[in-house]
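Mapped onto the numbering used here, the consecutive letters of the sequence shown carry residue numbers 5 to 95.
A virtual CB, placed ideally from N, CA and C, is assigned to each residue, including glycine.
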Amino acid sequence: MTLTTPTTYLRGLVDQWVNVKLQRGKDYVGKLVSIDEYMNLELDQVKPFGDEEGCGIMIKLKILHNNILKMRSKINEALLMCRKSSIPIPT
Numbered sequence: 005m006t007l008t009t010p011t012t013y014l015r016g017l018v019d020q021w022v023n024v025k026l027q028r029g030k031d032y033v034g035k036l037v038s039i040d041e042y043m044n045l046e047l048d049q050v051k052p053f054g055d056e057e058g059c060g061i062m063i064k065l066k067i068l069h070n071n072i073l074k075m076r077s078k079i080n081e082a083l084l085m086c087r088k089s090s091i092p093i094p095t
């Protein structure tokens, strides 16, 4: 049995699409670019989750570790909310 630490798990998600929920209730969908030793995240092609008006916004975002409430890697259903925009849905 292999021991998986949170840092090891998150490093395995680099270059994958993730959904990050922040402490203050905001949700973001983006591609995980990097993670440092403090578990700060850098996301690219970020879109607010659940905000159809913001579906076209693509920015880079750095999230400090103490602002993250939860994170998950399977977000295809989240990207379907943006299917009317011109942004291609990753597979």
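Starting from the C-beta of residue i, find all residues in its chain whose C-beta is less than 7 Å away, skip the five residues before and the five after it, and write them out in chain order.
| i | result |
| --- | --- |
| Ser77 | Leu17, Gln20, Val22 |
Residue i to residue j, Cα distance in whole Å?
| i | j | result |
| --- | --- | --- |
| Ser38 | Leu14 | 9 Å |
| Asp40 | Thr9 | 14 Å |
| Leu65 | Lys51 | 10 Å |
| Thr12 | Ile67 | 18 Å |
| Leu54 | Leu73 | As written in the sequence, residue 54 is Gly, which differs from the Leu given in the question. When rounded, the distance between both Cα atoms is 17 Å. |
| Lys25 | Asn71 | 9 Å |
| Met75 | Leu7 | 20 Å |
Which same chain residues, not among the five before or five after residue i, have their C-beta less than 6 Å away from its C-beta?
| i | result |
| --- | --- |
| Gln49 | Gly34, Lys35, Met62 |
| Tyr42 | His69 |
| Asn44 | Leu68, His69 |
| Gln27 | Asn71, Leu73 |
| Glu46 | Val37, Ser38, Lys66 |
Run through the DSSP bridge pairs and tell me what residue i is partnered with.
| i | result |
| --- | --- |
| Lys74 | Lys25 |
| Pro111 | Examination of residue 111 is not possible in this model, given that the chain is present from 5 through 95 alone. |
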